Amino acid sequence: MSNARANILARLRAVAPQDTAATTEPAAPTEAELGRADKIARLKRLMENMHAEVIVTDSRNWTNALKDLLRQRSLNGLLCAPTTPIGTTLAESWESDLPPLVGYTEAVEQCKERLFAIDAAITSTKGGLADVGALILWPTPQEPRLMSLAPAVHIAVLEAAKIHGSLAEAIRRERWAGGMPTNALLISGPSKTADIELVLTFGVHGPKELIVLILDD
Amino acid sequence: MTETTVDFPRNFQKALGDGQLRRNLRAAMDTLGLRRRTLFSDPEAFEQLRARGDAIRRRALSKLPELLERLERKCTENGIRVHWAETPAEANQICLDIIRRHDATRVIKGKSMVSEEMHLNHFLEERGIEALETDLGEYIIQLDHETPSHIIVPAIHKNRDQIARLFHEKIPNTPYTEVVEELNAIARKVLREKFFAGEVGVSGVNFAVAETGTLCLVENEGNGRMCTTAPPVHIAVMGLEKVVERLEDVPPLLRLLTGSATGQLITTYFNMITSPRKPDEKDGPREVHLVLLDNGRTKIWADPELRQTLKCIRCGTCLNHCPVYTRLGGHAYGYVYPGPIGSILTPQMEGLESAGTMATASTFCGACEEVCPVKIPITDILRRLRVESYNKADTPNAVKGHGYKVNAAESLTWKGWALSNATPWVNALNAKLLGLLGPQLPKLPGPDIVKKWTQSRALPPFAAKSLHALVKEKGIADE
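So the sequence lines, in the order shown, correspond to chains L and P.
Plus 504 on top of the position in the first sequence (first one is 1) and you've got my numbering.
Plus 3 on top of the position in the second sequence (first one is 1) and you've got my numbering.
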């Protein structure tokens with residue numbers, strides 16, 4: 505077994521280079537640059553098609569929009585990252601009739617049961633993709649990976665200025681190749697499946713609801 | 004289900020006679036085809052995109068040894084442990100060793116065709132380790148002790164009634180329901196407990212980026228994220244051809260994959276994994292392992308024509324558009340990879356003597372090639388495999404099991420045919436004899452192949468007079 509690597513590479517190296525077609529690679533077509541309003545509109549439309557709820561608000565009003573959303577639902581708690589700007593903003597203005605704020609403060613081994621039992625979580629996003637309608641998340645030590653996965657409702661805050669035209673553009677402009685995080689994610693809606701007769705149903709293993717608050721300042 | 008002898012004629016007959024299967028398949032394949040056409044509605048843009056996809060995959064394959072080493076180096080720097088396996092048996096053993104080292108008995112799995120190729124579930128279960136499929140379609144067929152019948156929608160051969168019965172019978176305290184949402188809810192409930200308790204997560208890999216050491220996973224359900232995030236250990240298994248050179252190669256391939264597979268602009272989740280949990284991070288696996296499997300791929304790679312098989316990104320669209328697959332479904336093929344891609348990949352992996360018949364399960368209509376997002380010349384490769392089936396010569400790039408079809412009766416027939424066509428009087432005699440005896444051919448003693456051929460086909464009636472004779476009667480000069 506320890507020879508597998510050497511054997512595989514030896515077999516590959518024994519063959520003379522032969523496919524030169526790669527040198528005539530077609531260039532990527534130039535992407536039309538969308539304006540900010542168009543990017544927001546396109547992302548909103550595409551994500552709504554995928555059953556996400558998208559609310560365009562701004563940095564003064566988003567907490568109120570959030571509170572309205574929460575009051576419409578009966579949730580047992582809202583998981584948040586207490587040391588992030590979102591977490592501190594929420595803690596300052598939280599009200600007693602709202603589901604309690606719960607901080608993700610310990611390693612998963614200490615709080616797995618609570619993570620899988622809480623109804624909702626709120627996270628930031630690194631950006632969005634207008635062409636396909638998706639969020640970019642790069643979870644951090646403060647805002648871990650399971651927040652956007654384990655609870656049934658995921659609420660994501662997206663700053664409109666961070667919406668890119670496409671994934672290719674995001675990778676290029678933000679120089680992702682220079683340093684990828686432990687886990688980078690694109691999320692385009694609530695979890696879904698079409699594995700039974702191709703009937704599209706939402707809320708399989710991940711969140712059943714995805715709510716996006718776009719801050720358009 | 005990889006058996007040394009697959010009874011293709013029996014399988015095909017059974018599948019064709021299964022009305023339920025054919026109705027289930029027909030509806031699904033038409034829908035998937037329509038969704039794909041709707042997404043790629045601009046033929047020019049699609050041609051441009053797939054020309055890029057083709058070029059990216061060719062470039063990656065042209066640098067395969069270098070990219071694999073680079074991937075290994077980057078992954079290792081990032082803390083991902085890389086393992087190499089020449090055979091499925093080695094890959095299984097690597098997985099088992101990792102699982103045993105953690106004293107784990109509960110493995111949760113995301114969808115992976117390579118793990119099917121390895122028969123990993125069966126291997127682990129024999130050793131007392133539960134390997135639970137968590138993709139809904141995979142979960143359904145695992146409950147029924149079946150294998151996937153499609154690369155993308157593994158349980159597509161079943162309809163909701165069949166699944167309703169299955170859940171009712173196999174999952175304790177489950178009422179019978181044919182409502183798809185309720186069936187989903189049942190699976191969600193059962194599997195969430197499994198995600199919570201899973202000790203090792205196993206996944207496949209859609210693209211592995213050599214530049215950054217990043218493993219990309221495409222999915223809709225979130226089970227892939229669960230398997231790669233919740234348990235303390237993650238094992239990713241991949242065929243060694245899945246590597247791409249640069250991160251910027253990923254977006255066009257991703258679009259081609261989701262568009263071709265299900266007509267989606269993008270899936271719900273695109274998951275890019277570059278390292279295990281770092282010391283200050285609160286979740287994610289503490290160990291990530293990458294298993295690189297060869298299983299015949301290096302041999303396929305050595306031949307410039309056959310190498311193109313390895314461009315495949317496993318979108319399954321060739322299945323959806325194949326007149327043979329859409330009537331048979333995947334199980335009739337008898338191997339892990341069905342349809343056009345299976346028919347060129349499997350005989351190369353397993354050898355022509357056991358799987359060569361798959362290369363004959365084609366009408367050469369070319370639909371698969373027209374839709375293939377990376378322009379694999381599927382019909383050329385099918386033809387090559389058919390030729391190899393009669394090629395005795397032991398050239399270095401000959402496909403495993405080549406020449407298995409060579410037999411005296413057939414060789415003699417073709418020699419006779421050649422002689423007949425080169426010698427006018429023999430040809431005239433043959434034409435006359437066939438006109439007289441042709442209709443009796445299946446009943447005459449002789450090669451069994453005539454009887455087999457005519458069992459399921461109408462024998463074309465031979466004309467009483469040959470073309471030569473008719474032409475002569477009309478007074479036309481006939482050379």
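Idealized CB from N, CA, C, for every residue including glycine.
Predicted model, so just to flag it, every value in this text is computed and none were measured.
How is residue i classed by DSSP in three states: helix, strand or coil?
i: P:PHE15; result: helix
i: L:LEU689; result: strand
i: P:CYS98; result: helix
i: P:ALA239; result: strand
i: P:LYS455; result: helix
i: L:THR705; result: strand
i: P:ASN223; result: coil
i: L:LEU662; result: strand
i: P:GLU136; result: strand
i: P:MET4; result: In this predicted model, P:MET4 has a pLDDT of only 42, less than 50, meaning its place in the structure is not dependable; the value taken from the coordinates is given anyway. In this structure, P:MET4 counts as coil in the three-state DSSP scheme.
i: L:CYS615; result: helix
i: L:HIS668; result: strand
i: L:MET505; result: Its pLDDT being 46, under 50, L:MET505 is placed unreliably in this model, and the coordinates cannot settle the point.
i: P:GLU214; result: coil
i: P:HIS125; result: helix
i: P:LEU388; result: helix
i: P:HIS471; result: helix
i: P:GLU290; result: strand
i: P:VAL497; result: Residue 497 of chain P lies beyond the stretch modelled for chain P, which goes from 4 to 482, so this question has no answer here.
i: L:ALA625; result: strand
i: P:SER206; result: strand
Alpha carbon to alpha carbon, what distance is there between residue j and residue i?
i: P:PHE11; j: P:PRO157; result: 20 Å
i: P:PRO90; j: P:GLU372; result: One detail in the question is off: residue 90 of chain P reads as Thr in this sequence, not Pro. Rounded to the nearest angstrom, the two C-alpha atoms are 29 Å apart.
i: P:LEU135; j: P:GLY287; result: 19 Å
i: P:ARG330; j: P:LEU322; result: 10 Å
i: P:GLU391; j: P:LYS173; result: 46 Å
i: P:LYS455; j: P:PRO343; result: 24 Å
i: P:ARG73; j: P:ILE276; result: 16 Å
i: P:VAL182; j: P:ARG163; result: 8 Å
i: P:ARG168; j: L:SER652; result: 34 Å
i: L:LEU689; j: P:ASN274; result: 5 Å
i: L:THR705; j: L:ILE715; result: 17 Å
i: L:SER600; j: L:ALA625; result: 18 Å
i: P:VAL203; j: P:LEU99; result: 11 Å
i: P:PRO380; j: P:GLN311; result: 7 Å
i: P:PHE49; j: P:ALA264; result: 14 Å
i: P:GLY359; j: P:VAL409; result: 13 Å
i: P:CYS230; j: L:GLU552; result: 27 Å
i: L:VAL661; j: L:LEU570; result: 10 Å
i: P:LYS302; j: L:ILE691; result: 38 Å
i: L:MET505; j: L:LEU574; result: Unreliable positioning characterises L:MET505 in this predicted model, as indicated by a pLDDT of 46, which lies under 50. A coordinate reading is not provided.
i: L:THR528; j: P:ALA58; result: 8 Å
i: P:ARG53; j: P:PRO427; result: 51 Å
i: P:ILE238; j: P:LEU123; result: 12 Å
I need the boundaries of the beta strand (DSSP E) containing residue i, first residue and last residue.
i: L:LEU547; result: From DSSP, L:LEU547 is part of no beta strand (DSSP E) but of the alpha helix (DSSP H) over 540-553.
i: P:MET275; result: 272-276
i: P:ARG84; result: 83-88
i: L:VAL560; result: 557-561
i: P:ALA109; result: Checking the sequence, you will find Arg at residue 109 of chain P rather than Ala. Note, P:ARG109: beta strand (DSSP E), 109-112.
i: L:ILE640; result: 638-641
i: L:LEU605; result: 605-607
Check for me: the alpha helix (DSSP H) holding residue i runs from which residue to which?
i: P:ALA370; result: 370-374
i: P:LYS302; result: 300-305
i: L:GLU713; result: It is not in any alpha helix (DSSP H) - L:GLU713 instead sits in the beta strand (DSSP E) that spans 713-719.
i: P:GLY406; result: Here P:GLY406 belongs to no alpha helix (DSSP H), and DSSP marks it neither H nor E.
Taking Cβ-Cβ distances shorter than 8 Å, what residues in chain C pair up with residue i?
i: L:ALA532; result: The structure shown contains no chain C; its protein chains are L and P.
Using a Cβ-Cβ cut-off of less than 8 Å, give me the residues of the region 270-282 of chain P that come near chain L, in sequence order.
THR270, THR271, TYR272, PHE273, ASN274, MET275, ILE276, THR277, SER278, PRO279, ARG280, LYS281
Spell out a yes or no on whether the region 555-567 of chain L and the region 640-648 of chain L are touching, meaning 3 or more CB-CB pairs, one atom from each, closer than 8 Å.
Flag = no, the region 555-567 of chain L and the region 640-648 of chain L do not touch.
Is the region 362-380 of chain P close to the region 418-430 of chain P, with three or more CB pairs under 8 Å?
Contact between the region 362-380 of chain P and the region 418-430 of chain P is absent, with fewer than three C-beta pairs closer than 8 Å.
Is there contact between the region 382-398 of chain P and the region 349-366 of chain P, where contact requires at least three CB pairs shorter than 8 Å?
yes
Counting Cβ pairs, one atom from each stretch, are 3 or more of them under 8 Å apart for the region 530-545 of chain L and the region 655-670 of chain L?
yes
Which of the residues in the region 45-57 of chain P, read from start to end, lie with their CB under 7 Å from any CB of chain L?
The residues in question are GLN51, ALA54, ARG55.
Tell me which residues of the region 681-693 of chain L have at least one Cβ-Cβ distance to chain P shorter than 7 Å, keeping chain order.
ALA681, MET684, PRO685, THR686, ASN687, ALA688, LEU689, LEU690, ILE691, SER692, GLY693
Is the region 588-605 of chain L touching the region 668-685 of chain L in the sense that three or more CB pairs, one from each, lie closer than 8 Å?
no
Could you list the residues in the region 160-186 of chain P with a C-beta less than 7 Å from some C-beta on chain L, going in chain order?
ASN162, ARG163, ILE166, VAL183, GLU184, LEU186
Can you list, in chain order, the residues of the region 125-146 of chain P whose Cβ is nearer than 8 Å to any Cβ on chain L?
THR137, ASP138, LEU139, GLY140, ILE143
Return the residues of the region 304-329 of chain P that lie within a Cβ-Cβ distance of less than 8 Å from chain L, sorted by chain order.
TRP304, ALA305, PRO307, ARG310
Please determine if the region 23-40 of chain P and the region 580-590 of chain L are in contact, where contact requires at least 3 C-beta pairs separated by less than 8 Å.
no
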